[in-house]
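S.K.: Below you will find the structure I want to go over with you.
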Amino acid sequence: MPTNNYNIAGLSSNQVLEARKKFGTNQLNFKKENGFWDALKSLIKEPMLILLLVAASIYFISGDVGDGFFMVFAIVLVATISLYQDSRSRNALEKLKNFTQAKCKVIRNGSTEEINSEDLVIGDSLIVEEGTSIAADGLIVHSNDFSVNESILTGESLSVSKDKDSEDHFVYKGTTVASGLAIVRITAIGNETKLGKIGKSLESIEEEKTPLELQINNFVQKMVLAGAVVFVLVWVINYFQSHQLLDSLLKSLTLAMSILPEEIPVAFTTFMALGAWRLMKLGIVVKQMKTVETLGSATVICTDKTGTITENKMSLAKLFLLGSDDLRDAENTIEDAEKALLRLAMWASEPIPFDPMEIALHDAYSQSYLEDERKHYKIIHEYPLDGKPPMMTHLFEDDAGHRIIAAKGAPEALMKVCNLSAEEKVQIENAIDKLAVDGYRLLAVAEADFAGNDFPATQQEFQFNFKGMVAFYDPPKKNIKAVLKRFYKAGITVKIVTGDNAATTTAIAKQIGFEGYEKSISGEELMQLSDEALNATVLDTQVFTRMFPEAKLKIIEALKAQHEIVAMTGDGVNDGPALKAAHIGIAMGKKGTEIAKQAASLILVNDNFSKMVNAVAMGRKIYANLKKAIQYIISIHIPIILTVFIPLVLGWIYPNIFSPVHIIFLELIMGPTCSIIYENEPMEANTMKQKPRPFTTTFFNWKELTTSIIQGLLITAGTLFAYQYAVYLGFPESTTRSMVFTVLVAANIFLTLVNRSFYYSILTTLKYKNNLVLLIIGVTVAITGLLLYVPPFARFFLFTPLDLLQIATCIGIGFVSVIWYELIKWRKRRKDKHPEAVQ
């Protein structure tokens, strides 16, 4: 039915512009955020920056102006890099925020159009329907069986029925439509809405940190504490040896700097924000950062059938008339009885259809009847979709008092409320079997008579006459077989959770090569199971039919109780609880209701289920690359710490081989390596062949942590060997420092290359497409060359230029101290080729 049947034209384009100019946009504006200044304030509190400021101050106080100015330069450089990384993260999240703007439907210039919610203006005619979030305050001008949940404002969980004649005929921003449809004239937007006026309290709500974020922050805090303890210890040792307060303080600051892993939180923020941005470019909107962490762990995906596995292009295909054994083609609707069935099915649908099946019924009616009766009838009562299985009923009346009472719903639901003979029931069941086995989706249609206006409390109390069934065909998506194969290959179980009947679902599942299509269970059967039987059933069964909200939620909770990491797709109001309960709630961007989108943690913009494979792959890649980055940080920090600490504590000939200027240079190399190179790494070939990683409370297992520690200790052995080798050959302190520093830089470069994969060889990873690797390593080598061979820099850093043999020796030591891990990787690959060797 066209919207102009209600004689609502809405605002004209000029009126919209005038209203926006006068009243502004529909946005809540409270606390003004300034990303740059907030980032700067946060940066000033960073322990590393505080240490650099203290070191610079000591240099200036002691008269070492050159080193003091270098530290100031380092402070500016560190701050610039940190602010750049923060800016990258904020820009990615800002794009994400803009991309997730809510949409709404309005009537403008006499036609319905979809706009961003913030573009609503005073006077707009807003269409709100079941499952949508109301975008502004307004006055109801038309409604059909309309109720709204106002718990966000009142705390009352029960929905409230409203129409234009209600005492309270207003709707409010932030509330959600529980049932029906309404057209609302907007009276308040933005801060002037009821939610806007009380919205100041929303400023105090802070987003919870994720488990991984808490682990990383906890690790960094422990390292800061360890740095403080070692700082005091080394200060005391140095002071008792030299009795020079500032000099000993400077040396202890060097060690404290080497301990602080300030790159880790930066890497985490960068990976998560850019990961969300990369997913957005794939058409996957991540609403919560924790989803990026969880994606790679998904073990089970529970998916709807309609619109996810199938196209959601409902074409009316077959008709069944009670009393006839024939199934008629809907395209050849000629007989009056067939037309009457279509007419009744149309009246049982919403007056302004938005469901694909209802749209198809309205279209079929328009094609079958030359005269349109719809403009003569108005809806006088409506029973929304309810029951298990569900049905719905509409009551229409024209000016002459002619009444139509039409119901449609699941065949089983209407069979229960109609007086049918045993023979008629058999006839209907036979028709259901014939249609469902070919994957048709069925709706039964019934009619009732009722003279008075004292309507029954429930639709099931009417005396219905079963008229027949309409069958729709929704073909499977063309790529769905390939998508399923990719999930199965990745070790992820797929389960169909649908409101459709078992026969139709099984037929579609069989067509697409779905594993486990032979066995199914209905929602009512599921609810009768004991907890023990439920746990076994949800693992063994892959097809769940005639599902309703409580049953869906029970499936999710049962899977979670058995330590499965559950992803759940959904689009309707009824999917809200299950979407919120799942580890990864996935809403559909096009056909998904606002309630589903609010409950979900991830939105598929184009309703393309195949994107979930990309999302899982991206989640695994991000997590793996973040782990590589942090393992690199741990491995490279160990030699820096021990190379500073051991000569000092053991009283070697050159106890203070490194000063703060050397440490800060090494930090400047490590920062970009971990958060730029590793973030940009491609996904490894075996990523989607592995089983989902366990979603544990710890980021590293002991094996991974041990690998990083051993790598760090062997690089330490290399730097200290170079130290003692230089001393043994009688080299002066400056040459020894140059050799130790060069070994550390060389080892850092080789570690970067080796740790690009903990499985594939360095010869394979060198072929990975990541232009930043060559850039960062090239810059590192160039700057190291400048420090060693340009006299002013060499004097400043207390270096001596190395000859060819010395350079070759240092590179060789750095290479050997890292390359040994290639043997470990070779053994891993060999075991995978010969599984019988694995015990």
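Note that the sequence shown covers residues 407 to 1245 in this note's numbering.
Glycine included, C-beta positions come from ideal geometry on N, C-alpha and C.
A quick note: this is a predicted structure, and the numbers were derived from the prediction, not measured.
(1) Sort I1039, T1141, I1082, A988 by Cα distance to L1072 and report the nearest one.
(2) Give every residue of the same chain whose Cβ lies closer than 7 Å to the Cβ of K794, excluding the five residues on either side of it in the sequence, and list them in chain order.
(3) On the DSSP letters alone, give me the boundaries of the beta strand (DSSP E) that K814 sits inside.
(4) Whose C-alpha, out of M875, R1201, S565, L722, is nearest the C-alpha of A850?
(5) Can you check the region 942-967 for any beta strand (DSSP E) of at least 3 residues that lies completely inside it and give the ranges in chain order?
(6) Should the region 588-595 be regarded as contacting the region 541-556, the criterion being three or more beta carbon pairs within less than 8 Å?
(7) Counting beta carbon pairs with one atom in the region 797-804 and one in the region 749-757, are three or more of them shorter than 8 Å?
(8) Let's test the definition: count the other Cβ atoms within 10 Å of the Cβ of V1224 and tell me whether it reaches 16, buried, or not, exposed.
(9) Give the C-beta separation of E1021 and A1006 to the nearest angstrom, bearing in mind that I take them to be a contact with Cβ-Cβ under 8 Å.
(10) What does the alpha-carbon distance come out to for the pair E609 and N825?
(11) For the candidate residues R734, L559, A813, V1050, whose alpha-carbon lies nearest to that of V636?
(12) Using the DSSP secondary-structure output, state which residues sit across from C510 in a beta bridge.
(13) Looking only at C-alpha atoms, which of G602, T538, T593, I595 sits nearest to A584?
(14) The beta strand (DSSP E) spanning G919 covers which residue range?
(15) Considering only residues of the same chain and omitting the five flanking positions on each side of Y578, which have a CB-CB separation below 7 Å?
(16) Roughly how many whole angstroms lie between the Cα atoms of P1045 and L1208?
(17) With 8 Å set as the bound, which would you pick, yes or no: does the beta-carbon of G1118 sit closer than that to a beta-carbon of chain D?
(18) For P790, does the three-state DSSP call read helix, strand or coil?
(19) With C-beta atoms as the reference, is V1149 less than 8 Å away from A1128?
(20) Please return the same chain residues whose Cβ sits closer than 7 Å to the Cβ of I1028, not counting the five positions on each side in sequence.
(21) Between M763 and M720, is the Cβ-Cβ spacing less than 8 Å?
(22) Could you tell me the distance, in whole angstroms, from the CA atom of G897 to the CA atom of L685?
(23) Compute the distance between the beta-carbons of R1143 and L1192, then report whether it is under 8 Å.
(24) State the CB to CB distance for the pair P1098 and T700, rounded to an integer number of angstroms; the pair is presumed to be in contact (CB under 8 Å).
(25) So T593 and I528 are supposed to be a Cβ contact under 8 Å. How far apart are they, rounded?
(26) Are the beta-carbon atoms belonging to D710 and G976 less than 8 Å from one another?
(27) Could you give the DSSP three-state label for G416: helix, strand or coil?
(28) Consult DSSP for P762 and reduce its assignment to one of helix, strand or coil.
(29) How far does the beta strand (DSSP E) with N1020 in it extend, from its first residue to its last?
(30) Between the beta-carbon of E991 and the beta-carbon of G702, is there less than 8 Å?
(31) Nearest-angstrom Cα distance between R426 and R514?
(32) Would you check if the distance between the CB atom of D534 and the CB atom of S553 is smaller than 8 Å?
(33) Could you say which of G689, G596, Q934 lies nearest to A957 if we only look at CA atoms?
(34) From which residue to which residue does the beta strand (DSSP E) around C1216 run?
(35) Classify Y1134 as buried or exposed, calling it buried when 16 or more other Cβ atoms lie within 10 Å of its own Cβ.
(36) On the three-state DSSP scale, how would you describe I1230?
M.R.: Quick look at the numbers:
(1) I1039
(2) G929, E930, F954
(3) Segment 809-815, the beta strand (DSSP E) holding K814.
(4) M875
(5) 949-951
(6) yes
(7) Yes: the two stretches touch, three or more of their Cβ pairs being nearer than 8 Å.
(8) buried
(9) Looking at the sequence provided, one finds Ala at residue 1021 rather than Glu. Between A1006 and A1021 the Cβ distance is about 12 Å, and since that is not below 8 Å, they are no contact.
(10) Residue placement at E609 is poorly supported in this model, since its pLDDT is 45, which falls under 50; the coordinates are not used for a value here.
(11) V1050
(12) I521
(13) The option with the nearest alpha carbon to A584 is T538.
(14) Taken as a continuous stretch (DSSP letters only), G919 belongs to no beta strand (DSSP E), as it is neither H nor E.
(15) I540, D543, E556, L559, T599, K600, L601
(16) 21 Å
(17) Here there is only one protein chain, and chain D is not present.
(18) strand
(19) yes
(20) F677, G681, V698
(21) yes
(22) 21 Å
(23) no
(24) Wrong, their Cβ atoms sit about 10 Å apart, outside the cutoff.
(25) 7 Å
(26) Yes, the Cβ-Cβ distance between D710 and G976 is below 8 Å.
(27) In the three-state scheme derived from DSSP, where H, G and I count as helix and E and B as strand, G416 is classed as coil.
(28) DSSP places P762 in helix when its eight states are reduced to three.
(29) N1020 -> not in any beta strand (DSSP E); alpha helix (DSSP H) instead, spanning 1017-1055.
(30) Note on residue identity: the sequence assigns Gly, not Glu, to residue 991. Result no, Cβ atoms of G991 and G702 do not sit closer than 8 Å.
(31) If you take the alpha carbons of R426 and R514, they lie about 14 Å apart.
(32) It is Val, not Asp, that sits at residue 534 in the sequence shown. No, the Cβ-Cβ distance between V534 and S553 is not below 8 Å.
(33) Q934
(34) From DSSP, C1216 is part of no beta strand (DSSP E) but of the alpha helix (DSSP H) over 1210-1225.
(35) exposed
(36) helix
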